Amino acid sequence: MAKFICARVMIAYLEDGKEGARLKYCAYFEKKSLQRYKEATDALIREEKDIAFLVDGGSVAEVAQ
């Protein structure tokens, strides 16, 4: 599931830029049932240099928690 979420966030980034990626990331982690995948997803996002801003120094990670 973490790979799926990371891929969807990357697609959102490619289609809609940083704001699209932020919105998609927040949308997934607003759902309580997906919180268990947050750590694994964040680790995968850190590997993607284009969207790493979501978890490395970005304020979105704090908002989604």
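5 is the number of the first residue of the sequence shown in this note's numbering; add one for each residue after it.
Cβ atoms here follow ideal geometry from the backbone N, Cα and C, with glycine treated the same way.
Remember, predicted model here, so these are calculated numbers, not experimental data.
Check: By Cβ distance below 7 Å, which residues in the same chain neighbour Ala56 in space, the five residues on each side in sequence not counted?
Finding: Translated into the one-based positions of the sequence shown, residue 56 becomes position 52. Taken in chain order, the residues that qualify are Ile49, Arg50.
Notebook entry, point to check: For Leu24 versus Tyr32, is the C-beta distance shorter than 9 Å?
Noted result: As a working note, residue 24 is residue 20 in the sequence shown. As a working note, residue 32 is residue 28 in the sequence shown. In the sequence under discussion, the amino acid at residue 24 is Gly, which differs from the Leu named in the question. Taking 9 Å as the Cβ cut-off, Gly24 and Tyr32 do not qualify as a contacting pair.
Item checked: Ile27 - containing alpha helix (DSSP H), residue span -> Locating residue 27 in the sequence shown gives position 23, where the first residue counts as 1. The residue asked about is misnamed: residue 27 is Leu in this sequence, not Ile. Taken as a continuous stretch (DSSP letters only), the alpha helix (DSSP H) holding Leu27 covers 6 to 33.
Margin query: Quick check on this structure: which residue in Asp60, Asp46, Val59 has the alpha carbon closest to the alpha carbon of Met5?
Written below: To locate residue 5, count along the sequence shown from 1; it is residue 1. For Met5, the nearest C-alpha among the options comes from Asp46.
Next item on the list: Would you kindly report the start and end of the unbroken alpha helix (DSSP H) that includes Ile49?
Entry: By one-based count along the sequence shown, residue 49 stands at place 45. Ile49 -> alpha helix (DSSP H) spans 42 to 51.
Notebook entry, point to check: Can you name, in chain order, every residue of its own chain whose Cβ lies under 7 Å from the Cβ of Lys28, other than the five neighbours on each side?
Noted result: Against the sequence shown, residue 28 aligns to sequence position 24. Only Arg12, Val13, Ala16 meet the Cβ criterion.
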